[in-house]
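Report on one structure; see the data block that follows.
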Amino acid sequence: MVTFVTTNAGKVTEAQEYLDDPVEQVAFDYPERQADDLATVAAHGARTAYRHVGGPVIVDDSGLTIDALDGFPGPYSSYVEDTLGIERVWNLVADEDDRSAAFRGVIAYCDGDPFEATPEPVDTDRRGDDIDATERASATTDEQVADDEQLPVRIFEGVVPGTIVEPRGEGGFGYDPVFEFDGQTFAEMSTAEKNTISHRGRALAKFAEWLHLRV
Ligand code: ITT
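Under this note's numbering, the residue at position 50 of the sequence shown is numbered 40, and the numbers go up by one with no gaps.
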């Protein structure tokens, strides 16, 4: 059983399609700290989600970057989808010669196991960097801060290049109708097709391989 902490049911559908293990959604809206780095956001989210659930969890933090807009909406992808909407994102780039973009995603896993139980955690060097001064000050005890810093997180990243197009297709979620890869938008693909090339599919492949190695 994989517990996926996310408010986004579309992410869960894709993970369930990809993984052999059953995937359970916990729709806990963990606070996302403002940080440019998806891995930092996801690592913090995984630790918070683990504390909420009390067992092994994954979280996923993803973002769309559009080259003509200097990487916008990037960390603001969720806010921009909710406020502007994808049709107006398309309008922003419709007249650009270069409509290239990329979807980046990070899956972060945390199970609270001691460091040794999680081989080669990639964020070892920066463990604790994502706990800012405010949080340190508000933590109840020094032990809790130390404990948070020690919670291992494993990061799996995926990137897919694409092109922003006028919305097409009925499937998927979020920006899928405006994100084209190899002539098809993500919204025109089945979940399985999207998984074979998407940022999430690529991250899930790495996670699945690692999970398999662990059992
Ligand atoms: P959680 O944080 O609760 O997991 P969320 O939808 O807020 O859900 P993100 O912050 O990772 O998730 O997503 C940022 C935005 O990118 C948001 O508007 C998503 O709908 C969109 N998004 C993420 N993955 C996507 C995908 O595979 N296809 C299309 N849009 C996607």
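Where a beta carbon is used, it is the ideal one built from N, C-alpha and C, also for glycine.
#1: If you follow the alpha helix (DSSP H) that residue 6 is in, where does it begin and where does it stop?
#2: Tell me the DSSP secondary structure of residue 175 in three-state form.
#3: Leaving out five residues on either side along the sequence, give the residues of the same chain with a beta carbon under 6 Å from the beta carbon of residue 0.
#4: For residue 14, write down the residues that DSSP places opposite it in a beta bridge.
#5: Can you grab the Cα-Cα spacing for the pair residue -4 / residue 31, in whole Å?
#6: Can the beta-carbon of residue 193 be found closer than 8 Å to that of residue 9?
#7: Anything with a beta carbon under 5 Å from a heavy atom of the ligand ITT counts; list them all in chain order.
#8: Is the segment 151 to 159 touching the segment 68 to 75 in the sense that three or more CB pairs, one from each, lie closer than 8 Å?
#9: Does residue 93 come out as helix, strand or coil in the three-state DSSP assignment?
#10: Does the Cβ of residue 12 have 16 or more other Cβ atoms within 10 Å, making it buried, or fewer, making it exposed?
#11: From the DSSP secondary-structure annotation, give me the bridge partner or partners of residue 56.
#12: Give the C-beta separation of residue 18 and residue 39 to the nearest angstrom, bearing in mind that I take them to be a contact with Cβ-Cβ under 8 Å.
#13: Please tell me whether, using a cut-off of 7 Å, the distance from the CB of residue 27 to the nearest non-hydrogen atom of the ligand ZN is below it.
#14: Could you spell out where the beta strand (DSSP E) holding residue 159 opens and where it closes?
#15: Output the boundary residues of the beta strand (DSSP E) element that contains residue 147.
#16: One question on the structure: do residue 214 and residue 36 come within less than 8 Å of each other, judged by their Cβ atoms?
Let's see:
#1: Annotation: the continuous alpha helix (DSSP H) that includes residue 6 extends over -1 to 8.
#2: Of the three classes helix, strand and coil, the one that applies to residue 175 here is strand, per DSSP.
#3: The answer, listed in chain order, is 163.
#4: Looking at the DSSP assignment, residue 14 forms a beta bridge with -7.
#5: Rounded to whole angstroms, residue -4 to residue 31 spans 13 Å at the Cα level.
#6: No, they are not a contact pair.
#7: The chain-ordered list of residues whose CB is nearer than 5 Å to some heavy atom of the ligand ITT reads -4, -3, -2, 51, 52, 67, 68, 71, 164, 165 and 166.
#8: Cβ pair count under 8 Å is below three, so no.
#9: In the structure shown, the three-state DSSP call for residue 93 is strand.
#10: The residue is exposed, with fewer than 16 neighbouring Cβ atoms inside 10 Å.
#11: Note: residue 56 is bridge-paired with 91 in the DSSP secondary-structure output.
#12: Right, their Cβ atoms sit about 6 Å apart.
#13: The ligand ZN is not part of the structure shown, which contains the ligand ITT as its ligands.
#14: Taken as a continuous stretch (DSSP letters only), residue 159 belongs to no beta strand (DSSP E), as it is neither H nor E.
#15: Residues 144 to 154.
#16: There is no way to answer for residue 214, as the model of the chain reaches only from -9 to 205.
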